[in-house]
Amino acid sequence: MLSRIAESLFWIGRYIERADGTARILDVYLQLLLEDVAVDEDTACRALLGVMGHDAPPDRKLTRVDVVNTLATDRTQPASIAYSVNAARENARRAREIISTELWEVLNATYANMPRRVNPEQVHVMFGWVRERAALAGGMADSTASRDDAWSFFTLGRFIERADMVARLLATRALTEASGPSWTTILRSVGAYEAYLRTYRGVPSSTNAAEFLLLDRLFPRSILFSVRGAEECLQDIEPRQDRIGYVDQAQRMLGQIRAELEFTPIQEIIENLPTVMDKVQTTTTAVSHAVRERYFPTHNMPAWTREAS
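Quick note: the working numbering has the sequence shown finishing at residue 348, numbered continuously throughout.
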């Protein structure tokens, strides 16, 4: 496969997942601001922008409208949903000879219908629409793509981005411990609430909920599931049976963070949750750079990944 095609497929997967993850995080925190009048809006907005990798302006108070404009509808802001939708569509255009017509039509229609402005009272509807379009794009890829290298690069991008976005969500929970959303709200935001209840059969506690989103080997949005999935994609792309270690830097870094998560006691992880989540985000960025250097070294990474790193 041509490196430019592989790169486009990798970033289609990442941008689809990034739009979905950003919509979920914004939905949770904007809903919290509406429901809890005790939460300081400026502080919460600054914390959220910081976690999403955007520097908040220091000279004025921020409102939820500023957050929506910056992280949802601003097509020039690399951290926004609109930017991710546009970038996914552009990468799909470059890989048009590889992706299915169905996936192209979904991405093209999502780009065409992405609102440029949104009423603050209607943001929940827009975030739901973004999640549905991301799920539709993922479903189209899942049902129309052969399980070859093209599929592996697309899925690798999704898994890396999913691990990063869930880490950001948990980091926002840790930074706003007293006034932040409940663990029930966090679980609902990633579609994990019912799966959690079937697993733990009880009201979410901080230990059990964090353990489920971090370490569950069966839930597809847990960080551990995503890291393991990314490892499997890399093994499918370049299967090697070296007698000693790994020569692929990306696989080595994924294996290291997976081992740390699996073998560190959950209580120790929770006590240092911001630090651990920051390490997960740092690892996903480093893995993206390693994948770039190995498989598509002649191309530039998108702007928001350089800024995030």
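Every residue, glycine too, gets a C-beta built ideally from N, C-alpha and C. Just so you know, these numbers come straight off a predicted model, no measurement behind them.
In three-state DSSP terms, what is residue i?
i	result
A269	helix
Y285	coil
Q116	coil
G196	helix
E125	The residue you asked about is not Glu; residue 125 is Asn in the sequence shown. DSSP places N125 in helix when its eight states are reduced to three.
I225	helix
L208	helix
L71	helix
M91	coil
F335	coil
N311	coil
N130	helix
S348	Residue placement at S348 cannot be trusted, given a pLDDT of 40 that sits under 50; what the coordinates show is reported in the next sentence. The answer is coil: DSSP assigns S348 none of H, G, I, E or B.
A231	coil
A342	With a pLDDT of 47 at A342, under the threshold of 50, the modelled position of this residue cannot be trusted, and the question is left open.
M292	helix
V76	coil
D203	helix
L254	helix
E277	coil
D358	Outside the displayed span of the chain (40 to 348) sits residue 358, for which this structure offers no information.
D98	coil
V242	coil
R103	helix
S327	helix
S261	coil
L300	helix
L41	coil
When the distance is taken between beta carbons, is residue j closer than 9 Å to residue i?
i	j	result
V67	L208	yes
G52	F193	yes
T246	Y232	no
L73	L87	no
A269	V326	yes
F49	V319	no
Q288	R260	no
F335	R43	yes
A121	L146	no
L71	V106	no
D181	A45	no
A249	I199	no
I138	A174	no
L101	E80	yes
A118	H93	yes
E141	M179	yes
Do you know whose CA, among the options, lies nearest residue i's CA?
i	options	result
I262	M292, S245, L300, V286	L300
A126	D181, E136, W143	W143
I55	T238, A234, L195	L195
T112	R279, E270, R156	R156
V266	R57, A206, M165	A206
L252	V286, Q288, A210	A210
R114	L65, L293, P97, M153	M153
Q203	A58, A45, S47, L41	The sequence shown places Asp at residue 203, rather than the Gln named in the question. For D203, the nearest C-alpha among the options comes from A58.
G60	A77, A134, R201	R201
C272	F258, G294, L257, Q306	G294
V229	F166, E141, P304	F166
L226	P243, D281, T238	P243
A131	Y150, S119, A118	Y150
R63	R85, L257, R256, H163	H163
F258	G241, R291, Q274, Y235	Y235
D275	R282, I283, Q290	Q290
Could you tell me whether any Cβ in chain B is nearer than 9 Å to the Cβ of residue i?
i	result
S265	Any reference to chain B falls outside this structure, which holds one protein chain only.
Please confirm whether any heavy atom of the ligand GDP lies closer than 8 Å to the CB of residue i.
i	result
P278	With respect to the ligand GDP, the structure shown offers nothing to examine, as it has no ligands at all.
Could I get the ranges of all uninterrupted beta strand (DSSP E) runs contained in the stretch 129-196, with 3 residues as the minimum, in chain order? none
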